[in-house]
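Written out below as structure tokens is the structure these notes cover.
In the working numbering, the protein residues as written are 3 to 81.
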């Protein structure tokens, strides 16, 4: 009977804590790999894709809420 209880306890720990064979250091290394990097890569372009797409949409239809008006004003000032 004690063997069954030990197996049940091991199974319970396995289900609640995850794999028992993974050491604390291995777990931390896996967590670090899952974190996003601190670096950001930016590419400078001649044309702003948001401005170009907004102009294309505005040539087809009128926006209901004019949410890109300020952005377009800033973009026009830069050009």
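Virtual Cβ for every residue (Gly too), placed ideally from N, Cα, C.
Note that the structure is predicted; figures quoted are calculated from it, not measured.
For residue 61, the uninterrupted alpha helix (DSSP H) segment begins and ends at 51-62. Contact between residue 56 and residue 74 holds, since their C-beta atoms are separated by about 6 Å, short of 8 Å. The three-state secondary structure of residue 31, taken from DSSP, is helix. In the DSSP assignment, residue 65 falls outside any alpha helix (DSSP H) and carries neither an H nor an E.
For residue 73, the enclosing alpha helix (DSSP H) begins and ends at 71-80.
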